[in-house]
Every structure is written in structure tokens, then in C-alpha cells.
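K.L.:
Just passing along the structure, written as C-alpha cells.
Numbering (my numbering), first residue to last: 1368 to 1926.
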């Protein structure tokens, strides 16, 4: 799981002690990177729901930027700050992860499902293709530009089976044409494999047909990351880099967006301009929901949590309401996971707003459901953490520059009340759902917490109890909260991902798991400060635990 669709090369660079970080500042379509006096630092947290604002200074001794004063609309375009690394490789294909587009020609393809599986980079960006059983079924892309005669090329694609494991005579063929040969791949397995083929072009080469076919194999296959590269002078053969609308040339910067927004204000100083930026959350702080005279009322029916959240950020927050991965403002795949959690448990709420700002309304809804919302990769990302995936980032000793542990006794909650079904007319709460962790009460004394909010509330006891049990399950013991100073090892990782490390002083081993709940990124020095803890990483079984260490346990699951 990561919000950033980057290559394995990108992630390998982040693991270096002193990687060479490339940065870019773009205002509209213009690159102002060379004018940056100092690259900014900014912080994000999983449930803060506040605008991340920053100021960046640009050199203006030549007065070339004075047009911002002459034309006030010049600053109303989008601003992006990107960071990444110079990639030594190339990819002569286009749309290397989008097999549904016309660039990939299909023959006897029964079905192709987009973004249906998790890719090798832990993103749901892998497609699923199912060929007809007849031989000759193909999925190919024709390449004509940038080809050289008498040159060796490497073609590769990541593939894994989703059907019955094939026998040895069911192999994947990488389809390569130049009146030469068809390269035969290895046996297909249920794990991702990068299939590699190579060929040398003829003296009269003018095109190649690159793609995929099978030996009468009609089970569904997950496919991702097609690559065509010429001779490798640095890097590795088959080192993948994503290609979008155009091929990727050698020594191209591979960037990810780490901040995006619009100009909030400009300050002209002698020889420089300071530009203050605001992100997508800033408009949430400028819009009011209802008033005491005319409330914005959501009490005529019960709403699923995600439906209310979506309505708040689109109809009132101004974000796009497109319900697909084409949404430019909302990470749609994260929203689908978020929605599935509340749909499955049928968690419903009502709400009434009398002058609440949009960001405060969203913050209260997230707190009330123990969920998070934050900006990553210029999109609003929703998360309600459940059992962590097996994927994690392991911090080596060399990548930990400084480490601090905080344990706060005030974190403990061993009796949680959640009030629900609010009657506004009589100002009366009809439901007080609560859960108590008796072992924690015996150890630490009663630590009681009440969740009661007259702007948003659950409508039934089951939903209220869901939150009460979740809180006492997670917070019945003190939480280990670590702050770790690192180079860029977590660059490209998303809030909520699992972090592991070892430290003999604090007794932490690589089997201990923590979630990244926030970070500070210093783009000038190329360093990160990670905030990781155990508050959202309960797995449902604790060996030798008197409460959660029983093999036949059927309670206290993290819902």
C-alpha cells in the first residue's frame, strides 16, 4: 500500500544513506526550480484535517517574477512540488500499466479488468486479462519510434496467475516480432514474476510488436509493468520505470508529487518573492455548513459514514464528485476500501450543522468513527485501519539518525462510552453504548472516556458499540510512540503503512510492528521525521496475553 506509484528503482534510492534528491517547483506549466532559495519543510498527520500551508522563497533580483504583481490571476494556477531521483533506464512503450487503452491491441481477449489486483509495488494498479482458449490470442503494442537497427532490446512484463496453477506446458509467451522469433517465458505461478525476453533488431527494422500471448491458457492473469529498453549502460536489465503518455528516455527524473496547492498570498521583498501556498484542505476552512437559523440537517434518514463524508468534501468542500479512479481530488481506491468497511458493518450516522466549518465537520466525523483523512500525492485519502498487511518497511540501523520514545499514561482508555440516537427536540441521548476492558481497569484503574457530539452521532447501539470496543481494544494499555529521524527511507511511503526496526536499548525487534501516523519532510536537507506508534495496529491475537492470547478467542477483533 502506497499512495505513490513509483518504480522499484525509486524505492531503492530512498534506502540509501545519502541519496541524490532531485526537486522541482512548478507554477502552472512553468518550472521555477532554479529560483528556489530554500526548499520547504512540511508536516502531515493521519487525522489532523488542517490545511498544510508553507512558504517558499524565489530569487527575483532580475525582476522577472514581477508579472505576479502586474497580473493577479497569474498565481491562481496550480502549484506542485515534486521530488524524486534520476532514473538511468528507459521505457520505449507508452501506457505501460494501462492495458485497457487503445495503445494495447487485443485479439481474442475475453475480458480485461482495470486496477483489479495489487501490483508488485503494493498499489491496486494491476489489470486482469483473460484470453480465449484458442491459440493466437494476443495483447500487443506496436513500437515504431526510437528504434535502432542491429541493436539488442529487452522486453519485460510482470505476470501472475489467478486461476489454477498451470502445468509445465502452459507457459507465458512474450510476443516479440521483427521477423525474428517469439520469446518463451517461464511457467506461470501465483507469485509475481518479471518475464524477460530479448532480441536483436535487423538492419532494416522499422517497427516491433511487443506484447503477450499464451499457449491455449485461458485462466485469468494479473499483468503489470510492461517495459521495452535498449542496451543498458547503467542500472539493471529489466529495471522497470513507468511510462505514461510518452516513452521515458534515459536519465529522466522520476518524480512524485509531495505537495500541491495554490498561491495564497505573495510578499515582494528586495531581490526575492515569498509565495505562501495552500493545499486542498484550505477551502474546507473557508466554508460554513448551515447556521443556527438555517441548520444543514441530515436527520431525516440514516447515512452510511462514507456517504456523509463524500457529500461533505464534494458538495460543500468543492472537491470533484467523480466516482472512479479518474477523480482528480480524491484517492478513489482508498475511498472504496474506506466505504467497504462501513458498508460491511452497516455503520450509520445522522448529523446537524449550525455554522460548523467543513474541515471541522470532517474532523469530528473521522474522530467519531476512529478513522483518518489526509492529503497524499495531491489527493484526499481516507483510511480506517484494520489488520495490517504483511508488507512493511524495515529501517536499518544506518537509516536511523535519531530515535525518541514517548509513553503517555493519558492515552489509556479502558472504559469507553459512545452516546447515540440523539433526540434534538428533547435534547436527550437514547443510547449509551459502552465497553470495558476489565484487565486494564485492574492494572491501571478506571480510565473512562465519553464520546458525545451533537453535530454527528450514531443511530443504533451496534454502530456505537463498534467504536467503543475498538477504542478499548486498542487503548487499554499505554501506547509506544516513537519519533524517528531518518534520511529519505520512507519517501514514497504513505501514512498508515507498517514500519519495523530494531533497537536493543528499547527492546524493539523486527517482529514488532508500528504504523506511520505522521511525518515531517524536509526537502532542503533531504531528511524525514517519522511519527510511528501502535495505536492502530492491533492484530487480534497476543501470545500469552490473558485477554487476547487464547487460541479459541472469538472476541475483541479490530473491526
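The beta carbon of each residue, even a glycine, is placed where N, CA and C say it ideally should be.
1. Just confirm the distance between the C-beta atoms of residue 1781 and residue 1839, as a whole number of angstroms; I'd bet it's less than 8 angstroms.
2. Spell out a yes or no on whether the region 1786-1798 and the region 1870-1886 are touching, meaning 3 or more CB-CB pairs, one atom from each, closer than 8 angstroms.
3. Can you have a look at residue 1817 and say buried or exposed, based on whether 16 or more other CB atoms are within 10 angstroms of its CB?
4. I'd like the list of long-range same chain contacts for residue 1821, defined as Cβ closer than 7 angstroms, with 5 residues on each side in sequence excluded.
5. Could you pull out every residue in the same chain whose Cβ sits closer than 6 angstroms to the Cβ of residue 1858, ignoring the five residues on either side in sequence?
6. According to the neighbour-count rule (16 or more other Cβ atoms, all chains shown, within 10 Å of its Cβ), is residue 1507 buried or exposed?
7. Name, in chain order, the residues that DSSP records as bridge partners for residue 1528.
8. Return helix, strand or coil for residue 1742, following the three-state DSSP convention.
9. According to DSSP, is residue 1378 part of a helix, a strand, or is it coil?
10. By the three-class DSSP mapping on this structure, what secondary structure does residue 1680 have?
11. Using only the alpha-carbon positions, how far apart do residue 1738 and residue 1510 sit?
12. If we require 3 or more residues per run, which beta strand (DSSP E) segments fall completely within the region 1575-1655?
13. Is the beta carbon of residue 1442 less than 9 angstroms from the beta carbon of residue 1394?
14. Within 10 angstroms of the Cβ of residue 1689, are there 16 or more other Cβ atoms? Answer buried if so, exposed if not.
15. Is the beta carbon of residue 1726 less than 9 angstroms from the beta carbon of residue 1652?
16. Please state whether the Cβ-Cβ distance between residue 1561 and residue 1525 is less than 9 angstroms.
17. Return the chain-ordered list of same chain residues with a C-beta closer than 7 angstroms to the C-beta of residue 1888, the five sequence neighbours on each side being excluded.
18. Tell me the rounded alpha-carbon separation between residue 1556 and residue 1580.
19. Tell me, please, which residues DSSP counts as bridged to residue 1717.
20. Measure from the alpha carbon of residue 1732 to the alpha carbon of each residue in 1742, 1749 and 1457, then state which is nearest.
21. Would the region 1474-1490 and the region 1437-1451 be scored as touching if the rule is three or more Cβ pairs under 8 angstroms?
22. Between the Cα of residue 1588 and those of 1851, 1619, 1436 and 1558, spot the shortest distance and give me the residue it belongs to.
23. In the structure shown, what three-state DSSP assignment does residue 1482 receive?
24. So what does residue 1786 bridge to, in DSSP terms?
25. Determine the direct distance from the alpha carbon of residue 1528 to that of residue 1466, and round the result to whole angstroms.
26. Classify residue 1900 as buried or exposed, calling it buried when 16 or more other Cβ atoms lie within 10 Å of its own Cβ.
27. In whole angstroms, what is the alpha-carbon distance linking residue 1682 and residue 1439?
28. Tell me whether the region 1453-1461 and the region 1625-1638 touch, counting them as touching only if at least three CB pairs, one residue from each stretch, are closer than 8 angstroms.
29. If you draw a straight line from the alpha carbon of residue 1702 to that of residue 1778, how long is it in whole angstroms?
30. List the residues that DSSP assigns as beta-bridge partners of residue 1848.
31. Near residue 1706, which residues of its chain fall below 6 angstroms by C-beta distance, leaving aside the five closest residues on each side in sequence?
32. Mind checking residue 1452: buried by the 16 CB within 10 Å criterion, or exposed?
33. Measure the C-alpha to C-alpha separation of residue 1611 and residue 1843 and round it to an integer number of angstroms.
34. Quick check on the burial criterion: 16 or more other C-beta atoms within 10 angstroms. Buried or exposed for residue 1493?
35. If we ignore side chains and look at the alpha-carbon of each, how far apart do residue 1496 and residue 1590 end up?
P.N.:
This is what the structure gives:
1. Walking along the chain shown from the start, residue 1781 turns up at place 414. Walking along the chain shown from the start, residue 1839 turns up at place 472. About 6 angstroms; that satisfies the 8 angstroms criterion.
2. Contact between the region 1786-1798 and the region 1870-1886 is absent: fewer than 3 CB-CB pairs across the two stretches fall below 8 angstroms.
3. Reading the chain shown from its first residue, position 450 is the one you call residue 1817. Answer is exposed; the Cβ neighbour count stays below 16.
4. Along the chain shown, one-based indexing puts residue 1821 at 454. 1789, listed in sequence order.
5. Taking the first residue of the chain shown as 1, we reach residue 1858 at position 491. Taken in chain order, the residues that qualify are 1381.
6. Within the chain shown, the letter at position 140 stands for residue 1507. The residue is buried, with at least 16 neighbouring Cβ atoms inside 10 Å.
7. What you label residue 1528 is simply residue 161 of the chain shown in a count that begins at 1. 1588.
8. As a first step, residue 1742 must be located in the chain shown, where it is residue number 375. Note: residue 1742 maps to strand in three-state DSSP.
9. Taking the chain shown and counting its residues from 1, the one referred to as residue 1378 is at position 11. Note: residue 1378 maps to helix in three-state DSSP.
10. For this step, residue 1680 is matched to residue 313 along the chain shown. In this structure, residue 1680 counts as helix in the three-state DSSP scheme.
11. As a working note, residue 1738 is residue 371 in the chain shown. As a working note, residue 1510 is residue 143 in the chain shown. Distance between the alpha carbons of residue 1738 and residue 1510: 46 angstroms.
12. 1575-1581, 1588-1596, 1619-1636 and 1639-1645
13. Here residue 1442 refers to the residue found at position 75 when the chain shown is read from its first residue. Here residue 1394 refers to the residue found at position 27 when the chain shown is read from its first residue. Against a cut-off of 9 angstroms, the Cβ pair of residue 1394 and residue 1442 comes out as a contact.
14. Numbered from its first residue, the chain shown carries residue 1689 at position 322. Classification of residue 1689: exposed, given that the 10 Å Cβ count is below 16.
15. Here residue 1726 corresponds to residue number 359 of the chain shown, with the count starting at 1. Here residue 1652 corresponds to residue number 285 of the chain shown, with the count starting at 1. Going by C-beta atoms, residue 1726 is nearer than 9 angstroms to residue 1652.
16. Within the chain shown, the letter at position 194 stands for residue 1561. Within the chain shown, the letter at position 158 stands for residue 1525. Closer than 9 angstroms, so yes.
17. Counted from its first residue, the chain shown places residue 1888 at position 521. Cβ neighbours of residue 1888 beyond the five flanking positions: 1408, 1409, 1625 and 1895.
18. Translated into the one-based positions of the chain shown, residue 1556 becomes position 189. Translated into the one-based positions of the chain shown, residue 1580 becomes position 213. Going by the C-alpha atoms only, they are around 16 angstroms apart.
19. For this step, residue 1717 is matched to residue 350 along the chain shown. Answer is 1824.
20. Indexing the chain shown from 1 puts residue 1732 at position 365. Minimum Cα distance to residue 1732 is reached at 1749.
21. No contact exists between the region 1474-1490 and the region 1437-1451.
22. One-based indexing of the chain shown puts residue 1588 at position 221. When only C-alpha atoms are compared, the closest one is 1558.
23. Here residue 1482 refers to the residue found at position 115 of the chain shown. In this structure, residue 1482 counts as strand in the three-state DSSP scheme.
24. Sequence index remark: in the chain shown, residue 1786 carries index 419 (1-based). Paired residues: 1799.
25. The sequence position of residue 1466 within the chain shown is 99, counting from 1. The sequence position of residue 1528 within the chain shown is 161, counting from 1. Answer to the nearest angstrom: the Cα atoms are 17 angstroms apart.
26. Residue 1900 sits at position 533 when you count from the first residue of the chain shown. The residue in question, residue 1900, is buried, as its Cβ has 16 or more Cβ neighbours within 10 Å.
27. Here the question's residue 1682 lines up with position 315 in the chain shown. Here the question's residue 1439 lines up with position 72 in the chain shown. The alpha-carbon atoms of residue 1682 and residue 1439 are separated by roughly 28 angstroms.
28. no
29. Counted from its first residue, the chain shown places residue 1702 at position 335. Counted from its first residue, the chain shown places residue 1778 at position 411. Going from the Cα of residue 1702 to the Cα of residue 1778 covers about 28 angstroms.
30. The sequence position of residue 1848 within the chain shown is 481, counting from 1. Answer is 1773 and 1900, bridged to residue 1848.
31. Residue 1706 sits at position 339 when you count from the first residue of the chain shown. Closer than 6 angstroms at Cβ, skipping near neighbours: 1673.
32. Locating residue 1452 in the chain shown gives position 85, where the first residue counts as 1. The residue is buried, with at least 16 neighbouring Cβ atoms inside 10 Å.
33. Position 244 of the chain shown, counted from the start, is the residue given in the question as residue 1611. Position 476 of the chain shown, counted from the start, is the residue given in the question as residue 1843. Using only the alpha carbons, I get a separation of about 48 angstroms.
34. To locate residue 1493, count along the chain shown from 1; it is residue 126. Taking all protein chains shown into account, residue 1493 has 16 or more neighbouring C-beta atoms within 10 Å of its C-beta and is therefore buried.
35. The residue you call residue 1496 lines up with position 129 of the chain shown. The residue you call residue 1590 lines up with position 223 of the chain shown. Answer to the nearest angstrom: the Cα atoms are 7 angstroms apart.
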